[in-house]
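These notes concern the structure reproduced below.
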Amino acid sequence: MNIEELDRLKEISLRRINNVELGYVRKIYGDIEWSSRLILLKGCRGVGKTYLLLQYLKKARSESVYLSLDNLFFLDTKLTDVIDTFYKSGIKLFALDEVHKYPDWSIELKNIYDDYPDIRLIIASSSALNILAGSGDLSRRLDVYLMKGLSFDEYYELETGEKLPVFTFDEILRKHEFIHDQYYVSFDIARRFSAYLKKGYYPIYKEAGSKYHDRLLAEILQVIDVDMAAIFNIDYESARQIKRLLALISRLGPFTPNVSKMARDLSMSRNSVLKYIDYLSEAGIINILKSDSKSDSVMTKPDKIFLENTNLLYAFDADLVNTGTLRETFVYNALSESHSISTPFRGDFLFDGKYAIEVGGPNKDFHQLFGMPNAVLVKEGIARGAPDVMPMWMLGLLL
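Numbering (my numbering), first residue to last: 4 to 402.
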């Protein structure tokens with residue numbers, strides 16, 4: 004192995020690590036058990052996985068190396084050999100990025116894990132990566148974390164340097180008056196929240212500026228053309244069909260799918276539509292809602308389909324964004340961050356198997372939740388709450 008090439012990899016690693024700042028760190032950083040020997044950080048493109056890895060390496064006292072496995076160097080060099088060489092020089096902490104682009108990733112990672120018991124590996128990959136799909140059995144060895152985009156309170160801190168408190172759902176219901184009085188006006192919530200819905204979910208908004216939505220679309224196309232191709236082994240024609248399906252979903256907004264009609268409109272089989280919906284969901288581009296009574300099978304039709312976040316609504320076509328679409332997309336995204344969400348008997352969402360939630364505007368009433376226990380209205384366009392009525396912006400502070 005060419006020692007100059009390895010020195011070049013180490014140089015790239017040091018440059019990447021030294022270039023990150025530690026002033027702001029995502030909440031998930033504190034949730035990760037960094038001392039584990041094998042950590043997988045999954046997430047859609049643009050959510051900040053690489054930056055988080057580099058922040059940890061910068062904070063870590065151990066000598067470490069960051070390696071992106073899409074580097075051309077790995078086309079004819081085995082990862083195991085690279086790790087072994089660095090290990091012999093005293094390095095025992097490795098961050099491996101874009102792992103899904105490396106052939107036989109699961110076998111080599113298993114071998115490295117087993118053969119070097121004092122090595123720690125932190126790997127990052129697409130949301131769609133299925134650790135059970137590889138040939139190596141990593142499921143018992145891996146600690147897996149899913150990284151999503153910025154929550155509203157994270158966005159607020161990134162923008163202003165000030166921390167907003169977060170609350171449980173029950174606390175928001177009980178303390179809505181206090182939350183409004185303490186934060187709504189003095190923290191300029193109305194303006195900040197409106198900006199967040201348009202361009203605050205992906206941390207890349209900071210560097211992308213006015214090109215943010217164009218950048219998002221480019222990232223989504225990369226997910227389909229590159230990440231899905233590597234993970235699901237799809238060809239050019241399948242990628243084209245997935246893009247057509249995504250374009251249709253983006254136009255319809257949150258909707259109850261008629262899969263047979265979608266299949267006819269897109270000139271593909273019903274099973275292909277369901278399979279591609281699952282791919283888009285696994286990749287973190289859309290969200291799907293199902294009843295708890297339904298099977299988790301890919302071939303089970305979702306009750307409702309949403310784009311994953313409100314920023315994507317504006318990226319696909321800002322002119323098509325309406326208030327109803329914005330409401331439901333945000334509420335699903337906020338509720339599902341660390342909680343279970345499914346289809347209720349009545350209403351829009353069943354939250355944590357307890358609360359039946361209906362989403363609407365300022366004049367929405369409880370009519371559609373009649374007879375439902377623990378019924379809650381989430382209203383957009385109001386600043387203050389009321390008994391069992393939650394302003395939509397407060398879900399931006401949900402723990």
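Just so it is clear, CB atoms sit at the ideal spot from N, CA and C, and this is done for glycine as well.
Here residue 140 carries a coil assignment [DSSP, helix/strand/coil]. Within the same chain, 139, 140, 141 and 144 come within 8 Å of residue 113 by CB-CB distance, once the 5 residues on both sides are set aside. Looking at the backbone, the Cα of residue 150 and that of residue 110 are separated by about 24 Å. Where residue 241 is concerned, the enclosing alpha helix (DSSP H) starts and stops at 239-255. Residue 94 carries a coil assignment under DSSP once its states are collapsed to helix, strand and coil.
Residue 262 is positioned such that its CB atom lies no closer than 8 Å to that of residue 283.
DSSP places residue 345 within a strand segment (E or B) once states are collapsed to three. Taken through DSSP and simplified to helix, strand or coil, residue 29 comes out as coil. Annotation: the continuous beta strand (DSSP E) that includes residue 123 extends over 123-128.
DSSP places residue 110 outside any beta strand (DSSP E); the residue lies instead in the alpha helix (DSSP H), whose first and last residues are 108-118.
As the crow flies, the alpha-carbon of residue 386 is around 12 Å from that of residue 185.
With respect to residue 97, residue 72 sits apart: the two C-beta atoms are not nearer than 8 Å. In this structure, residue 170 sits near residue 402, with a CB-CB distance shorter than 8 Å. Taking the CA atoms as reference points, residue 339 sits about 9 Å from residue 355.
When DSSP states are grouped into helix, strand and coil, residue 67 belongs to the strand group. Taking every protein chain shown into account, the CB of residue 366 has fewer than 16 other CB atoms within 10 angstroms, so this residue is exposed. Segment contact: the region 282-302 against the region 38-48, three or more CB-CB distances shorter than 8 Å; contact assigned. Straight across, the Cα-Cα distance linking residue 127 with residue 69 is about 11 Å.
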